[in-house]
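Here my numbering runs 52 ahead of the position in the sequence shown, where the first position is 1. For reference, the structure discussed in these notes is given below.
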Amino acid sequence: MAFPELLEDPGFEIEVLLTREEEVRRYDPKRCWRRHGWTVVERRLIDVLDRVTLARPDLTCWLPDTLSEPFTTAELAVALHQPRRTAQLLTYCLRRLGLIEVIGMQDRSAAYRLVPREAPGVVG
53 MAFPELLEDP
63 GFEIEVLLTR
73 EEEVRRYDPK
83 RCWRRHGWTV
93 VERRLIDVLD
103 RVTLARPDLT
113 CWLPDTLSEP
123 FTTAELAVAL
133 HQPRRTAQLL
143 TYCLRRLGLI
153 EVIGMQDRSA
163 AYRLVPREAP
173 GVVG
């Protein structure tokens, strides 16, 4: 079962710890060329700042109000002040949950929009 499907399970609940940690790095010029020779050798927990319990969260609340439709993952990344990879993971989950859909292409990227939700109590 993939993570998006877990979010749909009525019994799903996850507790996220917001932490402060310290990274110990070592310089080794023969390793970690992407980080210019610096490698993480240890992480130390400094403090637990907060705990957040998520029970069947509505992931659309993570989409900024300033985001216009249609949007791409590049635009979402800018709006969230996060790397594009984070925006791609969020859109993956939102698509799997049926909360957003691809409506075409925009500058060689998929263009997304929110799936319109049916109003409660409205019978078609």
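We treat Cβ as the ideally placed atom computed from N, Cα and C, and that holds for glycine.
* **Reference V100; option with closest CA among R72, A162 and Y164** => Counting from 1 along the sequence shown, the entry for residue 100 is found at position 48. The shortest Cα separation from V100 among R72, A162 and Y164 belongs to R72.
* Asked: Is the beta carbon of T112 less than 8 Å from the beta carbon of T125?
  -> What you label residue 112 is simply residue 60 of the sequence shown in a count that begins at 1. What you label residue 125 is simply residue 73 of the sequence shown in a count that begins at 1. No, the pair does not count as a contact, with Cβ atoms beyond the cut-off.
* To do: Report yes if the CB atom of E65 is closer than 8 Å to the CB atom of A131, and no otherwise.
  => Indexing the sequence shown from 1 puts residue 65 at position 13. Indexing the sequence shown from 1 puts residue 131 at position 79. No, the pair does not count as a contact, with Cβ atoms beyond the cut-off.
* To do: Apply the 10 Å Cβ neighbour rule to E127 and answer buried if 16 or more other Cβ atoms are within range, or exposed otherwise.
  => Position 75 of the sequence shown holds residue 127. Burial call: buried.
* On the three-state DSSP scale, how would you describe R136? -> As a working note, residue 136 is residue 84 in the sequence shown. DSSP places R136 in helix when its eight states are reduced to three.
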